[in-house]
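Numbering (full-length UniProt numbering), first residue to last: 1 to 341. The C-beta atom is built at its ideal place from N, Cα and C for all residues, glycine as well. In this text, all values refer to a predicted model and were calculated from it rather than measured experimentally. The block underneath contains the structure these notes are about, expressed in structure tokens.
Rendered as structure tokens:
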């Protein structure tokens, strides 16, 4: 696993992933692969998600987060059955103990009838707004479809069959987060919007409204991710690093103290809950690291349970237990090196 001394984030037009020609799809996939190997981050255009869908999502977020706190807490994530709903400031705490200057609303794949009983699957807890549910659901489905296209591209980039990931992404634990970073009026405080971390899932599709995101390069320098019109930010997560046997890298990132109000909408693209996450057969290792297999859902749940206050409290009082063999926070990518160094 090697991070380079990159100083910028690759920008790739992925329209060719929709082409009939395999050669054209492979050409774009090769670009994705270079970015995933060398940086772990990229930006994409040509994705096909309309401006109207994006603006509808942003409008619903602005409307919801403008509500008084007591109204938002009616939909507190701690009272949901599948870890969905409102996340107040300070609820999350990553490795190192930092608390984030942000609030969020988490939306899962809305399983009104869950395929099986798993902690992260079930009906989403929606606020009392039909417009919110309609517009956010529509965006979610469009972004999830883009995720399927990127899964095919990443498979080609690894020299695998294009449909390699199709059989394990049918009922995914993929979550959309609607995040609000308020402007901190304190000119002295330097509390980050969100602390340094790697994402748990395969990859993330991020729609931001302002700059603030930073990525850690191989020299230990924080590189700013610019705001590019009509582009999504894509980053590799823990699980795709494992599946690729270290060829793709999960890169630490953070949101620095914001200089303006900022919204961000990451869709964390994951596999089906029971999927065994291990290096794909036939992929030689990249680097010396040996990856221990983990369950997709168990890994997600364990990381989530160690991050959210309401779940940590249940761990402490014994009403909740981590899955067997659960990894600690920041167990992959650069995050693993920072924690174990």
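CA nearest to the CA of residue i, picked from the options
i: residue 262; options: 181, 218, 274 and 268; result: 181
i: residue 149; options: 292, 44 and 128; result: 44
i: residue 12; options: 71, 27, 20 and 6; result: 27
i: residue 226; options: 161, 211, 107 and 55; result: 211
i: residue 177; options: 136, 166, 147 and 237; result: 136
i: residue 35; options: 173, 111, 5 and 127; result: 5
i: residue 174; options: 260, 307 and 237; result: 237
i: residue 77; options: 89, 31, 283 and 29; result: 89
i: residue 259; options: 199, 209 and 322; result: 209
i: residue 213; options: 267, 223, 127 and 219; result: 223
i: residue 219; options: 230, 17 and 38; result: 38
i: residue 124; options: 160, 79, 56 and 144; result: 79
i: residue 16; options: 41, 7 and 47; result: 47
Buried versus exposed, by CB contacts within 10 Å (16 or more), residue i
i: residue 290; result: exposed
i: residue 117; result: exposed
i: residue 131; result: exposed
i: residue 319; result: exposed
i: residue 188; result: Low per-residue confidence applies at residue 188: pLDDT is 48, beneath 50, and the placement is therefore not dependable, though the value from the model is reported in the following sentence. Answer is exposed; the Cβ neighbour count stays below 16.
Simplified DSSP state of residue i, which is helix, strand or coil
i: residue 12; result: strand
i: residue 180; result: strand
i: residue 109; result: coil
i: residue 268; result: strand
i: residue 69; result: helix
i: residue 345; result: The requested residue 345 is not part of the displayed model; the chain covers only 1 to 341.
i: residue 164; result: coil
i: residue 247; result: coil
i: residue 220; result: coil
i: residue 308; result: strand
i: residue 282; result: coil
Whole-angstrom C-beta distance between residue j and residue i, which should lie under 8 Å
i: residue 296; j: residue 272; result: 7 Å
i: residue 253; j: residue 216; result: 7 Å
i: residue 313; j: residue 268; result: About 23 Å; that fails the 8 Å criterion.
i: residue 86; j: residue 105; result: 5 Å
DSSP beta-bridge partners of residue i
i: residue 122; result: 110
i: residue 86; result: 76 and 105
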